[in-house]
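Same order as they appear, the protein sequences are chains A and B.
Residue numbering for the first sequence follows my numbering, beginning at 26 and increasing consecutively.
Residue numbering for the second sequence follows my numbering, beginning at 607 and increasing consecutively.
Every residue, glycine too, gets a C-beta built ideally from N, C-alpha and C.
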Amino acid sequence: MAATVTIVDTTIPKRLTTSSKLEPGQSLQLISDLAVDLPPPTIRTKTTKSNVIVDVLCRILLHLIHIGYLTFIIYKTLRNMLIDLYHQHLVTSTDTEELIRFDKAQLTKIPKHLSILISSELLHERTMKEWDIILDDLCRVSCWAWEFGIEELSVFDASGELKSLGIDVYKRQSTMLHQWMTNKEKRGLKFSIVSAEDGRPSISRAAQNIVKQKIPSENIDIALVDKFVHECSEISDPELMLVYDALPHSYISLDGFPPWHIRLTEFINKGTHHRLDYMTFSSTLLQYSKVEQRFGR
Amino acid sequence: KNMTSLISSIYDYGYMTTEKAAIGILSRGRIPSHVGFILDGNRRYARKAGASNTKFGHYEGFKQLNKVLDFCMRLGIQSVTVFAFSIENFKRSEEEVAYLMQLFREAFTIFSEKNELIDGYRIGIRVLGHLSYLPSDVQELAHKVMKKTEHNTERYFNICCPYTSRDEMTTAIKENVKLVEQNKMNIDDITEKSIHDHLFTSASPPLDILVRTSGEIRLSDFLLWQASDQCQIQLLNCFWPELTFWKFLPILLEYQIYHDASHNNNNDNKE
C-alpha cells in the first residue's frame with residue numbers, strides 16, 4: 026500500500042548577508058553558524074490520492090495507543106495508591122498534632138497563602154453528601170494549615186456550589202478552628218471561598234472601576250491595575266496551590282481561577298487524591314519546601 | 607569508520623521514519639489549535655552539558671525551538687506561542703541580555719528571508735509584548751518580520767518578547783478604558799470578551815495546552831489569562847533543549863483523551 030504523504034526535505038537558506046548592528050564590544054560568531062546550523066524542516070505536500078485503508082488503519086492504531094496510554098495512567102495511579110497506603114502504614118502516630126510538629130520542623134519555607142482548587146472534572150457526579158465530606162475535609166485542613174503557620178487559606182470551586190452554601194461554611198470552619206486553638210496562642214487564619222465569577226469577570230469589573238474613578242488611560246500601569254484587581258478580590262496572590270479531586274492525568278486545569286493572582290503561584294497536582302487527608306496535605310507542603318518526606322520518626 | 611557512519615544513518619532514518627509514522631497516526635485524532643511553551647532551562651542545560659558559558663544553552667534552545675515548531679506544524683497545530691524573553695529578564699547580566707538580543711536579531715532576520723518552514727506552512731509570525739523596551743534595531747527587525755508575514759493567517763507563531771502577562775492584561779485594560787474615554791464604547795461593554803479581544807494573542811484560538819520545561823511549577827507571568835481557564839498546564843521535568851517530539855507525545859495523548867472531559871464540565875458550569 027502506498028503511503029499517502031510525501032515529505033520534501035529542504036536545505037537551509039543561505040547565510041545571512043545583512044549588516045546587523047552589534048552591541049558595542051561584542052564580537053559574536055553567531056552569524057555564520059546559525060543559518061547553516063538549523064535543522065531542515067519537513068513540509069507535507071498535498072496528497073493527490075487518499076488511501077482509505079491506511080486511514081482506517083491509522084485510526085485503529087490511534088485508539089490502541091490511547092488505550093495503551095490510559096492503561097499506563099491507571100497502572101501509575103494504582104501504584105501510587107499502594108505506595109500511599111504503605112506510607113500510611115509507616116506512620117506510627119495517630120496524633121495529627123504530633124505529626125504536624127514533626128513535619129513542620131523539616132520545612133524550610135511555608136506559604137503565607139495556600140489555595141486549594143477542587144477540580145470541576147468530577148463535578149457532575151458529586152452528591153450533596155460528597156460536598157459535605159469535602160467541606161469537612163476543608164475545615165480540618167484549615168486547622169492543620171493554621172498549625173503549620175499558614176496565614177491565609179482559600180478554596181476555589183469553579184461551579185460556585187460551595188459558595189452558595191453561604192455563611193454556614195464559614196461558621197463551620199471557624200468553629201472547628203476555634204476548638205483546635207483552645208489552650209494555644211491565638212492567631213488568625215483568613216479563610217475564603219472563591220468561584221469562577223471571581224476569575225476573569227473580576228478583571229473586567231476592575232477595569233470598569235478604573236473608568237468610574239475617572240482615571241485617565243495614560244495613567245494606567247501594572248501597579249494601578251494590581252491595586253484595583255485586589256480591591257475587587259477577597260484573596261491575595263497564593264504562593265502555593267493544591268489541585269485535587271480530578272481525573273488521573275499529569276496536567277492541571279485551573280477552571281477559571283483568577284488569572285491576575287497566579288503570576289508566581291506554584292502548582293502541585295494531587296488530582297488523583299479525592300480526600301484531603303493529612304498525607305496529601307503534608308506531602309504538598311513538603312514538596313513546596315523541596316524537602317524529602319520522612320514518614321514517622 | 608564507514609561502518610559507524612552507516613549504522614548512524616540507518617539509526618537516523620529509522621528514528622525519522624518512526625517519528626513521521628507517529629505524527630501521521632496522531633494527526634488523525636483531535637489536535638490542539640493553540641499550544642504555548644515556556645522555554646525554560648537553557649542555562650541549566652548548558653551547565654549539565656558541561657559548557658563553559660550559558661550561551662551554548664540559548665543557542666541549543668533556539669535550534670530546538672525550530673524543531674518543535676516544525677513538528678507542531680506537521681501535527682496540524684494552528685498556533686504556537688513561546689515565551690522567549692520576559693520583561694524581567696532585562697535584569698540579567700548585560701552580556702547575557704546582549705547575546706539574547708543578538709539571537710533575536712538573527713532569528714528575525716532568518717524568518718524574514720525566504721524560509722521554507724515559514725513559507726511552506728504560511729506561518730504568520732507575531733512578536734508580542736512591550737516592543738518599545740527592545741533595542742531599536744531589534745524592534746525594526748521584529749516589525750519587518752511581522753510585515754513580511756502579515757498576510758499569513760492560517761498558522762501563527764507568536765514570539766513573546768519582551769512580555770509579561772500582567773503587562774498584556776494592563777495594556778488590554780488600558781485600551782478598553784481609552785475606548786470608553788473616546789466614547790467609542792460604553793462602560794458596560796467592558797466585559798471578559800472585550801478584554802480578551804485586546805490581548806496580544808487575540809488573533810489565535812483559545813490556549814489548549816501550556817507546557818513549561820525544566821521542572822519549575824509556576825507560570826512566571828506568562829499567558830495567565832489564557833491559561834486560567836480551559837487549558838491543560840503541563841509541567842515537564844526536562845530542560846527546553848531536551849524537548850523532543852517523543853517527550854511531547856504524552857502531552858498530546860492526554861489532550862486527545864481528556865479534552866472532552868473538561869469541556870463537558872465547563873458547559874455544565876455555565877448553565
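Between the Cα of residue i and the Cα atoms of the options, which residue gives the shortest distance?
{"i": "B:E625", "options": "B:G642, B:V674, B:F668", "result": "B:V674"}
{"i": "A:C83", "options": "B:G635, B:F691, B:H640, B:K669", "result": "B:G635"}
{"i": "A:N244", "options": "B:S800, B:I839, B:I716, B:E787", "result": "B:E787"}
{"i": "B:Q670", "options": "B:E798, B:E822, B:A713, B:E694", "result": "B:A713"}
{"i": "A:L160", "options": "A:I240, A:F216, A:H274", "result": "A:F216"}
{"i": "A:I277", "options": "B:R824, B:C844, B:L849", "result": "B:R824"}
{"i": "A:C257", "options": "A:S229, A:T102, A:P136, A:D193", "result": "A:S229"}
{"i": "A:T102", "options": "A:V316, A:N294, A:K315, A:F306", "result": "A:N294"}
{"i": "B:Q840", "options": "B:Y861, B:R653, B:L734, B:V751", "result": "B:Y861"}
{"i": "B:G821", "options": "A:S227, A:G185, A:S275, A:I260", "result": "A:S275"}
{"i": "B:A867", "options": "B:C837, B:F845, B:P847", "result": "B:C837"}
{"i": "A:T309", "options": "A:K196, A:R151, A:K129", "result": "A:K129"}
{"i": "B:W852", "options": "B:C678, B:A657, B:N608, B:R650", "result": "B:C678"}
{"i": "B:L740", "options": "B:L706, B:L830, B:I857", "result": "B:L706"}
{"i": "B:V783", "options": "A:F173, A:G174, A:S242, A:F306", "result": "A:S242"}
Taking residue i as part of the beta strand (DSSP E), name the residues at either end of that continuous run.
{"i": "B:I779", "result": "Not the beta strand (DSSP E): B:I779 falls in the alpha helix (DSSP H), residues 771–787."}
{"i": "A:S140", "result": "138–143"}
{"i": "A:V219", "result": "215–219"}
{"i": "B:G730", "result": "729–734"}
{"i": "B:L679", "result": "Sequence inspection shows Met at residue 679 of chain B; the Leu mentioned does not correspond to that position. Not the beta strand (DSSP E): B:M679 falls in the alpha helix (DSSP H), residues 661–681."}
{"i": "B:L740", "result": "That residue, B:L740, is in no beta strand (DSSP E); it is neither H nor E in DSSP."}
{"i": "A:I293", "result": "291–295"}
{"i": "B:L841", "result": "838–841"}
{"i": "B:L816", "result": "815–818"}
Using a Cβ cut-off of 8 angstroms, pull out every chain B residue sitting near residue i, in sequence order please.
{"i": "A:G296", "result": "Simply none; closest approach about 11 angstroms."}
{"i": "A:L214", "result": "Going along chain B, no residue has its Cβ under 8 angstroms from A:L214, so there is no contact; the nearest lies around 24 angstroms."}
{"i": "A:W169", "result": "Under the 8 angstroms cutoff, chain B gives no residues; its nearest Cβ is about 22 angstroms from A:W169."}
{"i": "A:H299", "result": "Residues of chain B passing the Cβ test: none, with the nearest at roughly 16 angstroms."}
{"i": "A:H255", "result": "Under the 8 angstroms cutoff, chain B gives no residues; its nearest Cβ is about 12 angstroms from A:H255."}
{"i": "A:H91", "result": "G635, L859, Q862, I863"}
Kindly list, in the order they appear in chain A, the residues whose Cβ is closer than 9 angstroms to that of residue i.
{"i": "B:E787", "result": "V236, P241, S242"}
{"i": "B:L825", "result": "I287, R288, L289, T290, F292"}
{"i": "B:W831", "result": "R225, I228, P284, W285"}
Below 8 angstroms on the Cβ atoms is my contact criterion, and I expect residue i with residue j to pass it. Report the Cβ-Cβ distance as a whole number of Å.
{"i": "A:D223", "j": "B:T776", "result": "Wrong, their Cβ atoms sit about 19 angstroms apart, outside the cutoff."}
{"i": "A:D280", "j": "A:L147", "result": "With 8 angstroms as the limit, A:D280 and A:L147 do not qualify as a contact, their Cβ atoms being about 12 angstroms apart."}
{"i": "B:D646", "j": "B:R818", "result": "6 angstroms"}
{"i": "A:V254", "j": "A:A221", "result": "So it is not a contact: roughly 16 angstroms between Cβ atoms."}
{"i": "B:S834", "j": "A:P284", "result": "4 angstroms"}
{"i": "B:G730", "j": "B:R761", "result": "7 angstroms"}
{"i": "B:T589", "j": "B:N764", "result": "The shown model of chain B, from 607 to 877, leaves out residue 589 of chain B, and the question about it has no answer."}
{"i": "B:P811", "j": "B:Q832", "result": "The pair is not a contact, with the Cβ atoms about 10 angstroms apart (cut-off 8 angstroms)."}
{"i": "A:L178", "j": "A:M266", "result": "About 11 angstroms separates the two Cβ atoms, so there is no contact after all."}
{"i": "B:P768", "j": "B:H736", "result": "6 angstroms"}
Assuming residue i is part of the alpha helix (DSSP H), what are its boundary residues?
{"i": "B:E712", "result": "700–718"}
{"i": "B:I801", "result": "798–802"}
{"i": "B:T687", "result": "That residue, B:T687, is in no alpha helix (DSSP H); its beta strand (DSSP E) goes 685–689."}
{"i": "A:Y276", "result": "Premise fails: A:Y276 is in no alpha helix (DSSP H) and is neither H nor E."}
{"i": "A:L310", "result": "303–313"}
{"i": "A:R300", "result": "Taken as a continuous stretch (DSSP letters only), A:R300 belongs to no alpha helix (DSSP H), as it is neither H nor E."}
Going along chain A, which residues have a C-beta under 8 angstroms from residue i?
{"i": "B:K784", "result": "S242"}
{"i": "B:S834", "result": "G224, R225, L279, G281, F282, P283, P284, I287"}
{"i": "B:A867", "result": "E146, L272"}
{"i": "B:I793", "result": "Q233, V236, K237"}
Consider the C-beta atom of residue i and the heavy atoms of the ligand ATP; say whether any pair is separated by less than 7 angstroms.
{"i": "B:K853", "result": "This structure lacks the ligand ATP; in fact it carries no ligand of any kind."}
Could you name the residues of chain A that residue i contacts, counting a contact when the two beta carbons are closer than 7 angstroms?
{"i": "B:K780", "result": "S242, I245"}
{"i": "B:T797", "result": "S229"}
{"i": "B:Y864", "result": "L272, H274"}
Just the chain B side, please: which residues come within less than 7 angstroms of residue i by C-beta, in chain order?
{"i": "A:S275", "result": "Q840, E860"}
{"i": "A:C83", "result": "G630, I631, R634"}
Residue i touches chain B at which residues, Cβ-Cβ below 9 angstroms?
{"i": "A:V250", "result": "R772, M775, T776, I779, K780"}
Review point. Of all the alpha helix (DSSP H) runs that stay within the bounds of the stretch 165–190 of chain A, which reach a length of 4 or more residues?
Key: 186–189
Exercise for review: Could you tell me which uninterrupted beta strand (DSSP E) segments, each at least 3 residues in length, are contained entirely in the stretch 195–245 of chain A, listed from first to last along the chain?
Suggested key: 215–219
Review point. Which whole runs of the alpha helix (DSSP H) in the stretch 607–637 of chain B are 4 residues long or more, in chain order?
Key: 608–632
Point to revise | Ordered list of alpha helix (DSSP H) runs contained in the stretch 82–141 of chain A, each at least 4 residues | key: 121–131
Practice item. Output the residue ranges of the beta strand (DSSP E) runs that lie fully inside the stretch 245–269 of chain A and measure 3 residues or longer, sorted by chain position. Key: 265–269
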